[in-house]
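The block underneath contains the structure these notes are about, expressed in structure tokens.
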Amino acid sequence: MLLSPIEKVPKCHSIHSHASRQSRRCIRIYRDRTIWDEKLKSDIDTVSFRTRSPTFGQHGMVATSQIYATQVGVDVLKKGGSAVDAAIAANAMLSLTEPYMCGPGGDLFALVWDPQSCSLAGLNASGRSPRGLSFASLLSAIGDAATIPARGPLALSVPGAVDGWCALHERYGKLPLSDVFAPAIDHARAGVPIGLRTAQTWAHAAGNILDDPVLAGLTEAFSETFLIDGVAPRAGQIFRNPELAETFETIGRGGREAFYEGFPADQIITCQAAAGGFLSLEDLRSSHFDWVTPLTTSYRGYDVYELPPNGQGICVLQMLNLLEDYPLRELGPYSADYWHAFIEAKKLSFEDRARYYADPAFSDIPATALIDKSYADARRVLIDPKSAGADYAYGNVSIAGGDTTYLTVADSAGMMVSLIQSIFTAFGAGLVPSAVGFGLQSRSAGFSLEIGHPNVYAPAKRPFHTIIPAFVLQDGRPWLSTGVMGADMQPQGQVQVLINMIDFDLDPQAAGDAPRMRHYGGRQPNGVRLDGLGVVRYEAAIRPALVAE
15 MLLSPIEKVP KCHSIHSHAS RQSRRCIRIY RDRTIWDEKL KSDIDTVSFR TRSPTFGQHG
75 MVATSQIYAT QVGVDVLKKG GSAVDAAIAA NAMLSLTEPY MCGPGGDLFA LVWDPQSCSL
135 AGLNASGRSP RGLSFASLLS AIGDAATIPA RGPLALSVPG AVDGWCALHE RYGKLPLSDV
195 FAPAIDHARA GVPIGLRTAQ TWAHAAGNIL DDPVLAGLTE AFSETFLIDG VAPRAGQIFR
255 NPELAETFET IGRGGREAFY EGFPADQIIT CQAAAGGFLS LEDLRSSHFD WVTPLTTSYR
315 GYDVYELPPN GQGICVLQML NLLEDYPLRE LGPYSADYWH AFIEAKKLSF EDRARYYADP
375 AFSDIPATAL IDKSYADARR VLIDPKSAGA DYAYGNVSIA GGDTTYLTVA DSAGMMVSLI
435 QSIFTAFGAG LVPSAVGFGL QSRSAGFSLE IGHPNVYAPA KRPFHTIIPA FVLQDGRPWL
495 STGVMGADMQ PQGQVQVLIN MIDFDLDPQA AGDAPRMRHY GGRQPNGVRL DGLGVVRYEA
555 AIRPALVAE
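With this note's numbering as the guide, the letters of the sequence shown map in order to residues 15 to 563.
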């Protein structure tokens, strides 16, 4: 998370940073604190929520989930690279250190603040489903399953990340693309030590891949690429991926064509064909990104920007519109009334998410109507202040006028990048092409099988997407570049961070470290129906009395 003091823009001589954390955080440090023994005040001491001090930078800043990726980004800035150069370099490094979350086999979305034009650009580099797989053929292939399996060949879609990297670099890059990938190439060959939390997640995800009967007989390349002597790397063990280095060298020399029409493409097609997949070389060659116009809503004097569907970004805007009418500052950050309003706003917004969010090339998505203030006013009256709604329906818009990695970078010129990249589920579809060093995403599992639904599967269509970068302006100037990892936690987490900063005056570090809640339930964009009342998961720091209330 990057916060830019507005008086410093466009020079960005000083920016605050908080490295985004995964949604499932365990903050045991709070268990023995006494802050909950006192009456909760709206002006609560922000230090009580901070486990680390905020970091300040004078000429640029990088925030990622891995120290090596952050350092690579900083090094690229020092060499004269732009914020985009540093973001691509850091993303490449994350492909090495967090391969279960991201990599060239996944998709990418980004928001870029250009200080020269004082404008915000949006990039959708998500891939599409196979042209040669019809809806009828898909139904025949999955049999009695209610959804597309999250592992195996039917979950595959065209990987859009490399297309996105090259698009970003062409418009905003300063260094040669080969120089941008050079640090990740060097580290991939020399190796990096794996951290404790990373090793734990890696081992768990790898075990799921190896034990999945759908992938029986298809995991040899996975084991060769991501395991060491047959097991996931241990904490502190050096992990190398020289084949990933070769893939990055290929992209650095030849750009997107070298990836989508060269050796990596051939290996992708060979791998998925052996598994019974439907992707073709033409699917890869025809992959193309889209520059899109970000959508925005105002929240207490701040303009919050998200990308339009096929992603879930506007869910953040819908939730903020619903919550703006509540006196959150007076309610306090962890009062029962605040959390009740938050959870009900989430439920209402997610019902619309399940009904309307999809590829706009295939359906008329009422995105503008969904983020209209009058629509929020009409939906807000459904919230009972005394009880939880058990069965909300999606709204009538005519009344209105996983696994992911996030990073953000700012450079000395004032350019800022909010970038998120993912292969969806841990290690994606579980299919790894030979000799390329990366796995393939499982994003097609996000399609619905309900005929007539905007997100229903179709050939050459983008599925519903969970990954959403965010950006906030104040008085037309950059104020915050932010994102949260974790599937449907992303909009919930973004809203909580924004409220922590805007309503409760927390600094970026404290806003990110503050304990969070996550609601599960309701209809899903892939057609799954969960319990309408839902389940709330909360972090250890949230006082038991509040949960009981």
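From the three backbone atoms N, C-alpha and C, an ideal C-beta is built for every residue, glycine too.
- Counted as a single uninterrupted DSSP element, the alpha helix (DSSP H) harbouring D177 occupies residues 175-186.
- Measuring C-alpha to C-alpha distances from L298 to each of S143, G95, I81 identifies S143 as the nearest.
- Per DSSP, the continuous alpha helix (DSSP H) segment holding N222 begins and ends at 210-225.
- Apart from the 5 residues on each side of it in sequence, C180 sits with its Cβ closer than 7 Å to the Cβ of G269, R270 in its chain, given in chain order.
- Nearest in C-alpha terms to G327, of all of R367, R476, P374, is R367.
- When Cβ pairs closer than 8 Å are counted between the two stretches, the region 144-156 is seen not to touch the region 92-101, the count staying below three.
- Per DSSP, the unbroken beta strand (DSSP E) holding D128 starts and ends at 121-128.
- When rounded, the separation of the alpha-carbon atoms in S131 and R394 is 37 Å.
- Where N335 is concerned, there is no enclosing beta strand (DSSP E), although the alpha helix (DSSP H) around it starts and stops at 328-337.
- Residue burial is scored here from C-beta neighbours: W127 has at least 16 other C-beta atoms within 10 angstroms and is therefore classed as buried.
- At the C-beta level, L334 and T307 stay beyond 8 Å of one another.
- The C-alpha of I162 is placed about 17 Å away from the C-alpha of I223.
- Put simply, the region 437-444 touches the region 454-462. At least three CB pairs are less than 8 Å apart.
- Rounded to the nearest angstrom, the Cβ distance from Y114 to T215 is 6 Å, consistent with a contact under 8 Å.
- Where E234 is concerned, the enclosing alpha helix (DSSP H) starts and stops at 234-240.
- Assignment of R314 by DSSP, reduced to helix, strand and coil, places it in the coil class.
- In the displayed model, T419 falls within a strand according to three-state DSSP.
- Per the C-alpha coordinates, the member of P505, M429, L293, V450 positioned closest to K361 is P505.
- Excluding sequence positions up to five before and after T422, its CB lies within less than 6 Å of the CB of L16, A77, S432, S495, all in the same chain and listed in chain order.
- Burial is judged here by how many other beta carbons sit within 10 angstroms of a residue's own beta carbon; E184 has fewer than 16 and is exposed.
- Taking all protein chains shown into account, I81 has fewer than 16 neighbouring C-beta atoms within 10 Å of its C-beta and is therefore exposed.
- In the three-state reduction of the DSSP assignment, I556 falls in the coil class.
- Annotated as proximal: V318 and L512, with beta-carbon spacing under 8 Å.
- Within the same chain, and ignoring the five residues on either side of L309 in sequence, the residues whose Cβ sits closer than 8 Å to its Cβ are Y319, E320, L321, P322, G327, I328, L331, A381, T382, I385.
- Bridge partners of H479 according to DSSP: G325.
- Cβ-Cβ distances below 8 Å link R314 to E338, I516, D517 in the same chain, with the five nearest sequence neighbours on each side left out; the list follows chain order.
- Judged by DSSP secondary structure, P197 falls within the alpha helix (DSSP H) whose first and last residues are 191-204.
- Exclusion of the five residues before and after D502 leaves T480 as the residues of its chain whose Cβ lies within less than 7 Å of its Cβ.
- Look at the beta carbons and you see the region 256-276 touching the region 194-201: at least three pairs across the two are nearer than 8 Å.
- Straight-line spacing of the CA atoms in G244 and S237 works out to 6 Å.
- The beta carbons of C285 and P447 sit about 4 Å from each other, so the pair counts as a contact at 8 Å.
- Annotation for I385: no alpha helix (DSSP H) segment contains it, and DSSP assigns it neither H nor E.
- Per DSSP, reduced to three states, the secondary structure at G71 is strand.
- Counted as a single uninterrupted DSSP element, the beta strand (DSSP E) harbouring N138 occupies residues 133-139.
- Comparing C-alpha distances from A219 to each of G444, V549, G290 shows the shortest one belongs to G444.
- Nearest to W493 by C-alpha distance, out of G466, A472, P522, is P522.
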